[in-house]
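Working notes, structure below.
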Amino acid sequence: MKERGWTEIPPGGIIEEAGNAVAYETGSWRTYRPVWDSETCIHCLRCWVACPDSSIEIADGKVTGIDYDHCKGCGICSFECPVDPKAIQMKLETDIAKE
Amino acid sequence: MRVARRLILTGNDATAEAMRQIAPDVVTCFPITPQTELMHKFAEHVADGDVDTELVLVESEHSAMSAAVGAAAAGARAMTATAANGLALMWEIVYIAASYRLPIVMPVVNRALSGPINIHCDHSDTMGCRDTGWIQLYSENAQEAYDNTIQALRIAEHPDVLLPVMVTFDGFILSHTAEILEGLEDAEVKDWIGTYEAKYSILNTDDPVTMGPLDLQDYYFEHKRQQVEGMRHAPAVIRDIGRAYGELSGRSYDLFEAYRLEDAEFAVVALGSTCGTTKVVVDELREQGTKAGLLKIRSFRPFPEAEIAEALGNAKAIGVLDRSISFGAPGGPVHKEIKAALYGTGREIGIVNYIYGLGGRDMSVNDIKTAFAGLEKVAREGTPDDNIRFLGLRGEGGV
Ligand code: SF4
Ligand code: SF4
Numbered sequence: 001m002k003e004r005g006w007t008e009i010p011p012g013g014i015i016e017e018a019g020n021a022v023a024y025e026t027g028s029w030r031t032y033r034p035v036w037d038s039e040t041c042i043h044c045l046r047c048w049v050a051c052p053d054s055s056i057e058i059a060d061g062k063v064t065g066i067d068y069d070h071c072k073g074c075g076i077c078s079f080e081c082p083v084d085p086k087a088i089q090m091k092l093e094t095d096i097a098k099e
Numbered sequence: 100m101r102v103a104r105r106l107i108l109t110g111n112d113a114t115a116e117a118m119r120q121i122a123p124d125v126v127t128c129f130p131i132t133p134q135t136e137l138m139h140k141f142a143e144h145v146a147d148g149d150v151d152t153e154l155v156l157v158e159s160e161h162s163a164m165s166a167a168v169g170a171a172a173a174g175a176r177a178m179t180a181t182a183a184n185g186l187a188l189m190w191e192i193v194y195i196a197a198s199y200r201l202p203i204v205m206p207v208v209n210r211a212l213s214g215p216i217n218i219h220c221d222h223s224d225t226m227g228c229r230d231t232g233w234i235q236l237y238s239e240n241a242q243e244a245y246d247n248t249i250q251a252l253r254i255a256e257h258p259d260v261l262l263p264v265m266v267t268f269d270g271f272i273l274s275h276t277a278e279i280l281e282g283l284e285d286a287e288v289k290d291w292i293g294t295y296e297a298k299y300s301i302l303n304t305d306d307p308v309t310m311g312p313l314d315l316q317d318y319y320f321e322h323k324r325q326q327v328e329g330m331r332h333a334p335a336v337i338r339d340i341g342r343a344y345g346e347l348s349g350r351s352y353d354l355f356e357a358y359r360l361e362d363a364e365f366a367v368v369a370l371g372s373t374c375g376t377t378k379v380v381v382d383e384l385r386e387q388g389t390k391a392g393l394l395k396i397r398s399f400r401p402f403p404e405a406e407i408a409e410a411l412g413n414a415k416a417i418g419v420l421d422r423s424i425s426f427g428a429p430g431g432p433v434h435k436e437i438k439a440a441l442y443g444t445g446r447e448i449g450i451v452n453y454i455y456g457l458g459g460r461d462m463s464v465n466d467i468k469t470a471f472a473g474l475e476k477v478a479r480e481g482t483p484d485d486n487i488r489f490l491g492l493r494g495e496g497g498v
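Top to bottom, those sequences are chains A and B. Residue 1 is where the first sequence starts when you use my numbering, and the numbers rise one by one after that. Residue 100 is where the second sequence starts when you use my numbering, and the numbers rise one by one after that.
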């Protein structure tokens with residue numbers, strides 16, 4: 001996206017389109033990635049309730065995956081997961097990149 | 100011919116009267132000496148049903164400015180008032196109000212900042228926030244505090260400006276002293292300020308916008324440049340509105356007032372209530388044949404440097420009065436601006452800075468005479484080494 005000059009933007013930092021957070025890919029901040037295991041997940045949805053960035057994807061009351069464009073890797077989902085071993089494991093992005 | 104509405108009011112009550120006539124949608128209120136009586140009076144107007152403003156009583160000045168920001172973001176006309184440490188406590192949000200381009204108007208009753216604790220007048224409070232992005236209008240007397248408050252609404256809300264405005268007047272000296280002044284009729288004020296339609300409202304669900312988002316390396320710089328542009332438009336707007344106000348009231352306003360300055364050899368630059376005393380001294384010196392003059396700054400932000408440099412053109416020596424200190428800097432805030440304004444004009448004018456009146460220390464006719472007397476040597480010999488002087492100070496270095 002081409003960044004605009006100071007005469008081309010609304011004043012005071014206002015963003016004229018509502019719901020614009022979807023365009024902001026906070027996933028680029030991530031150090032640890034939550035890796036979800038569909039085999040061990042019991043679909044209790046605790047992670048979905050707790051995620052501060054609405055990044056746990058669900059369909060028909062079941063977890064289907066994680067939105068890595070917006071997940072910033074805070075680890076709350078993994079912390080809250082009641083399964084042992086946890087159905088969401090936090091892994092270093094740098095390790096994943098090496099694999 | 101219009102019949103003047105004569106009033107006898109203190110600076111605080113005059114400003115509360117202006118606020119009653121403006122009838123802002125929202126006023127946020129927290130008391131601090133010497134602003135307290137202003138809000139007492141305004142709260143009385145609200146309680147008596149003389150104005151239908153939503154008065155929001157908050158628990159601190161930080162909240163007073165925050166609530167004003169919230170109200171203005173919703174598109175309301177929002178005002179608050181404060182002084183000294185109260186202004187210091189709202190500091191964070193003072194910047195935010197300007198950055199979000201919210202046209203809040205705030206009377207500030209000038210008082211010394213602690214410590215040691217002091218409730219009397221100096222300009223350390225508003226001078227300290229001269230770089231917050233607010234327009235600052237200084238008042239010489241209660242009449243000007245009243246007039247500036249009304250004009251501030253239209254300046255702040257002007258689409259080319261869209262910046263908050265501080266209207267300042269000296270604590271106790273003006274805030275608690277009764278003066279005869281002329282008020283406008285309620286209907287005149289109402290018509291003259293008109294209604295305010297904010298371009299954006301945080302409560303407009305039909306056309307929602309985001310206010311206050313994170314603004315990092317990519318756009319923050321551009322938004323600051325926009326604020327600069329609003330400030331650059333402000334001088335012409337302040338002047339136009341000052342003229343229009345003159346047509347309404349018979350009292351025109353400019354960015355500064357040049358009092359007997361045109362052929363003045365000895366010029367004093369000041370702002371606030373001391374200008375009234377200085378005019379008395381200028382008149383007296385003129386009678387004795389000394390070419391004395393005063394440049395009274397009304398708009399300190401924006402600072403009209405080219406016009407001020409021109410107005411000081413004939414001076415052989417300039418004494419700049421500062422009612423605050425800029426610690427570690429070469430002189431007080433007004434002094435530095437005047438020196439900067441004259442830089443590059445090719446004129447070598449001797450300039451001395453008189454720091455005076457801190458913590459409410461009296462500034463008498465004799466003190467101002469001392470300041471003028473000091474200028475004669477400066478005119479002969481140029482800017483001296485001891486060009487930062489402390490007028491009215493006891494002990495070494497005081498004059
Ligand atoms: S790591 Fe944090 S942001 Fe990412 S999915 Fe889990 S709870 Fe949401
Ligand atoms: S908290 Fe764990 S078990 Fe529960 S839905 Fe989320 S991943 Fe599955």
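For glycine and all other residues, C-beta sits at the position ideal for the given N, C-alpha and C. These numbers were taken from a predicted model, which means no experiment stands behind them.
Could you tell me whether any Cβ in chain A is nearer than 9 Å to the Cβ of residue i?
i                      : result
residue 153 of chain B : no
residue 271 of chain B : no
residue 169 of chain B : no
residue 201 of chain B : yes
residue 230 of chain B : no
residue 329 of chain B : yes
residue 205 of chain B : no
residue 336 of chain B : no
residue 198 of chain B : yes
residue 310 of chain B : yes
residue 261 of chain B : yes
residue 307 of chain B : yes
residue 194 of chain B : no
residue 295 of chain B : no
residue 290 of chain B : no
residue 421 of chain B : no
residue 485 of chain B : no
residue 299 of chain B : yes
Would you say residue i faces chain B, with C-beta separation under 9 Å as the test?
i                     : result
residue 6 of chain A  : yes
residue 52 of chain A : no
residue 97 of chain A : no
residue 14 of chain A : yes
residue 23 of chain A : no
residue 57 of chain A : no
residue 3 of chain A  : yes
residue 18 of chain A : yes
How close, in whole Å, do the beta carbons of residue i and residue j come, if the pair is a contact with beta carbons under 8 Å?
i                      : j                      : result
residue 222 of chain B : residue 271 of chain B : The pair is not a contact, with the Cβ atoms about 13 Å apart (cut-off 8 Å).
residue 431 of chain B : residue 452 of chain B : 6 Å
residue 421 of chain B : residue 454 of chain B : 5 Å
residue 118 of chain B : residue 248 of chain B : 7 Å
residue 227 of chain B : residue 326 of chain B : The pair is not a contact, with the Cβ atoms about 19 Å apart (cut-off 8 Å).
residue 396 of chain B : residue 336 of chain B : Not confirmed; about 17 Å, so no contact.
residue 193 of chain B : residue 134 of chain B : Incorrect: roughly 15 Å between the Cβ atoms, too far for contact.
residue 122 of chain B : residue 152 of chain B : 6 Å
residue 331 of chain B : residue 246 of chain B : With a Cβ gap of about 24 Å, residue 331 of chain B and residue 246 of chain B do not count as contacting.
residue 211 of chain B : residue 490 of chain B : Not a contact, Cβ separation roughly 16 Å.
Measure the alpha-carbon distance for residue i versus residue j and round it to whole angstroms.
i                      : j                      : result
residue 65 of chain A  : residue 17 of chain A  : 28 Å
residue 159 of chain B : residue 442 of chain B : 42 Å
residue 383 of chain B : residue 373 of chain B : 16 Å
residue 354 of chain B : residue 407 of chain B : 9 Å
residue 74 of chain B  : residue 356 of chain B : Because chain B in this structure spans residues 100 to 498, residue 74 of chain B falls outside the shown range and cannot be described.
residue 77 of chain A  : residue 127 of chain B : 42 Å
residue 486 of chain B : residue 450 of chain B : 7 Å
residue 290 of chain B : residue 300 of chain B : 23 Å
residue 80 of chain A  : residue 114 of chain B : 57 Å
residue 260 of chain B : residue 91 of chain A  : 51 Å
residue 217 of chain B : residue 69 of chain A  : 55 Å
residue 305 of chain B : residue 201 of chain B : 21 Å
residue 255 of chain B : residue 3 of chain A   : 29 Å
residue 55 of chain A  : residue 429 of chain B : 55 Å
Looking only at DSSP bridge pairs, what is residue i linked to?
i                      : result
residue 465 of chain B : For residue 465 of chain B, which the question treats as bridged, DSSP gives no partner whatsoever.
residue 268 of chain B : B:208
residue 455 of chain B : B:490
residue 36 of chain A  : A:88
residue 56 of chain A  : A:66
residue 281 of chain B : B:105
residue 391 of chain B : B:365
residue 449 of chain B : B:416
residue 400 of chain B : B:235
Quick one: which chain C residues come within Cβ less than 8 Å of residue i?
i                    : result
residue 9 of chain A : The structure shown contains no chain C; its protein chains are A and B.
Beta strand (DSSP E) runs contained entirely in the stretch 346 to 378 of chain B, provided each spans 3 or more residues | The DSSP assignment places complete beta strand (DSSP E) segments of no fewer than 3 residues inside the stretch 346 to 378 of chain B at 355 to 358, 365 to 369, in order along the chain.
Unbroken alpha helix (DSSP H) runs of length 4 or more, entirely within the stretch 140 to 206 of chain B: which are they?
-> 160 to 172, 183 to 188, 190 to 198
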